[in-house]
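Input: a single structure, listed below in structure tokens.
Protein chains in written order, with our numbering: chain A, 1 to 308; chain B, 309 to 664.
Here it is in structure tokens:
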């Protein structure tokens, strides 16, 4: 097989993994603080429509990307207020957030159907053909693409090596002890939820502005749910999220290639393959039960009651 | 206390609504039931464009979007029939049984079911478009313009409508260029821009230099534009999404039929029909041909469009063989509508198997 061809396939895989990585890494921070937000899909779709709408109205790509992140923050504020201040159930509130997000994005989006998006600038575009195999992988992508691949490492460093990361994990593992140490548990959780919202908004904007520049209803197509699953199956480890997202994206792309080559495997099986294999691989690489216990935020999904 | 208040408020609202609807039901009112959101920029979007044409012709219309093809459909239909609508268009194949069932209960309401074949009661008509005629044109252009002789085709679900399109496209392409290969990728979705883009990229990476699609979003033509190859638009004119890549589009044009049928109800001339219109009747429209198409191909395509419209040329003219080499349509014959409606085999020259 041609080496450039392999390079092209890997590039496609990486591009399709970007929204999953962004949303998963955001959700990971939220969950590490002990909050289970099932509203990922809703926040992503809000990001998608906000980014696209702002880009169409103002013509500014930077404003659009920032606006999408801000929209993710705003919608997650609702979730944060409900679950942290009014102490509602995380699961129910998160599901409501998804339904709300899909509905309101469709409403706002009515006027943006059938409008072509803008071209998003790429970095190092001139180096695209410089080195065979490596060039398409390394060069000629949007800034969001590079950010997404740096994010798991940054997240890992943040959680393991910084003081704020330690506080965040303490809040997720034992909110009572953290609170007794003088940490404002509610504030930390608020910030983590808002950060998760921003990353989901960015993931949505990537879909509607960079990956397939257009708006149509439900265009996230369930990627938010996959991102959620990746967080759990990666046992809250950002590096494993990267691996999981690459496997999932990879099999999605490769199954299309297998169809095009004419491999005689039932197409339905090929279509299901990414889901099956991603789960199997992540379960296998994370099967150490002691590590699972250590890395699962102990207070995940539990409300924290304390008057302060 | 609160609950009772809210309940009585809601029920009075519902009552008022039904009352007003019943009170103004003198003019002809048309209702449309959609499978997807009107924001899909594809199938449902085009039906809604048709609905707007009815509105522009001076009739009142209502629509309900995102109706599942289940018992929900019956409920929605019954409600629409109850609330003073005179004609109801059900725009997806899966509404076939609910439409016929509800039609029996409301003999005075006319029902129009898209893409189905059951007309169990006198007040049910069916209608569909011969999109395959449009695909004959696309195939002719693709066969004439490909340099790699590999044409990509992103398909949605293995149903006769899609298979018919693949066959008609391939037959036309082979006619002008016997060396072409049609590579098919099943995306198993009608619209998911991300997936469609990935399918298109896979086909392009494997050497396809022209891509056809039977999914609804504009992602595929955008990918084609980025990769510097050609593509065809689906359902609506997609030229503005990819001005260089889109050679032409096959547009679904329901407006004239809808206006016609609603008018028939108003004049009292509505009768049961089974309509299957193509290019000739304007239900299938070929968008403007792109300037990248060479003059000789353009002339050929224009002639072909005229001949398909007049019926001089049929998309499925024999001899046609299936993949195993069995004769499907004899020389000089054309496939009849029964065969077309149930087409579930590839013709010779299409690669791969139909997913079962």
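Cβ atoms here follow ideal geometry from the backbone N, Cα and C, with glycine treated the same way.
Take the Cβ of residue i as the centre, count every other Cβ of all protein chains shown within 10 Å, and call the residue buried at 16 or more, exposed below.
i              : result
residue 353(B) : buried
residue 164(A) : exposed
residue 157(A) : exposed
residue 337(B) : buried
residue 274(A) : buried
residue 476(B) : buried
residue 233(A) : buried
residue 403(B) : buried
residue 327(B) : Low confidence applies here, because residue 327(B) scores a pLDDT of 47, under 50, leaving its location unreliable and the question unanswered by this model.
residue 425(B) : exposed
residue 652(B) : exposed
residue 107(A) : exposed
residue 638(B) : exposed
residue 566(B) : buried
residue 58(A)  : exposed
Return the residue from the list the options that minimises the CA-CA distance to residue i.
i              : options                           : result
residue 363(B) : 420(B), 595(B) and 339(B)         : 339(B)
residue 224(A) : 282(A), 27(A), 179(A) and 152(A)  : 27(A)
residue 400(B) : 615(B), 391(B), 376(B) and 392(B) : 376(B)
residue 415(B) : 406(B), 422(B), 423(B) and 429(B) : 429(B)
residue 153(A) : 243(A), 142(A) and 182(A)         : 243(A)
residue 146(A) : 68(A), 74(A) and 206(A)           : 206(A)
residue 498(B) : 561(B), 664(B), 343(B) and 457(B) : 343(B)
residue 270(A) : 561(B), 434(B), 494(B) and 484(B) : 494(B)
residue 193(A) : 58(A), 77(A) and 138(A)           : 77(A)
residue 587(B) : 605(B), 516(B), 562(B) and 657(B) : 562(B)
residue 188(A) : 177(A), 199(A), 172(A) and 200(A) : 172(A)
residue 419(B) : 394(B), 365(B) and 471(B)         : 394(B)
residue 658(B) : 630(B), 642(B), 644(B) and 635(B) : 630(B)
residue 309(A) : 21(A), 280(A) and 142(A)          : The structure shown has nothing for residue 309(A), since chain A only spans 1 to 308.
residue 199(A) : 67(A), 11(A) and 15(A)            : 67(A)
residue 383(B) : 359(B), 408(B) and 365(B)         : 408(B)
Assuming residue i and residue j make a contact with CB atoms under 8 Å, what is their CB distance in whole Å?
i              : j              : result
residue 439(B) : residue 558(B) : 6 Å
residue 175(A) : residue 301(A) : Rounded, the Cβ-Cβ distance is 12 Å, inconsistent with contact.
residue 502(B) : residue 221(A) : 6 Å
residue 13(A)  : residue 246(A) : 6 Å
residue 127(A) : residue 135(A) : 6 Å
residue 334(A) : residue 94(A)  : Residue 334(A) cannot be examined here, being either before or after the span of chain A that is shown, 1 to 308.
residue 381(B) : residue 341(B) : 7 Å
residue 491(B) : residue 451(B) : Not a contact, Cβ separation roughly 14 Å.
residue 55(A)  : residue 117(A) : 7 Å
residue 507(B) : residue 458(B) : In fact, because the Cβ distance is near 15 Å, the residues do not count as touching under 8 Å.
residue 606(B) : residue 597(B) : 6 Å
Going by DSSP, which residues form a beta bridge with residue i?
i              : result
residue 460(B) : 491(B) and 519(B)
residue 592(B) : 560(B)
residue 584(B) : 436(B)
residue 542(B) : 558(B)
residue 658(B) : 490(B)
residue 370(B) : 339(B)
residue 608(B) : Paired residues: none, contrary to the question.
residue 422(B) : 435(B)
residue 637(B) : 628(B)
residue 123(A) : 141(A)
residue 395(B) : 338(B) and 418(B)
residue 577(B) : Looking at the DSSP assignment, residue 577(B) forms no beta bridge with any residue, so it has no partner.
residue 695(B) : Shown here, chain B extends from 309 to 664; a query on residue 695(B) therefore has no answer.
In whole angstroms, give me the CA-to-CA distance for residue i and residue j.
i              : j              : result
residue 411(B) : residue 385(B) : 9 Å
residue 210(A) : residue 202(A) : 11 Å
residue 571(B) : residue 99(A)  : 39 Å
residue 6(A)   : residue 536(B) : 20 Å
residue 4(A)   : residue 296(A) : 41 Å
residue 89(A)  : residue 30(A)  : 15 Å
residue 546(B) : residue 522(B) : 13 Å
residue 351(B) : residue 513(B) : 28 Å
residue 155(A) : residue 346(B) : 40 Å
residue 432(B) : residue 542(B) : 29 Å
residue 519(B) : residue 650(B) : 25 Å
residue 216(A) : residue 72(A)  : 18 Å
residue 24(A)  : residue 228(A) : 6 Å
residue 150(A) : residue 240(A) : 13 Å
residue 125(A) : residue 141(A) : 7 Å
residue 148(A) : residue 468(B) : 42 Å
residue 109(A) : residue 552(B) : 26 Å
residue 332(A) : residue 460(B) : The shown model of chain A, from 1 to 308, leaves out residue 332(A), and the question about it has no answer.
Any beta carbon from chain E within less than 8 Å of residue i's own beta carbon?
i              : result
residue 219(A) : Among the protein chains of the structure shown, namely A and B, there is no chain E.
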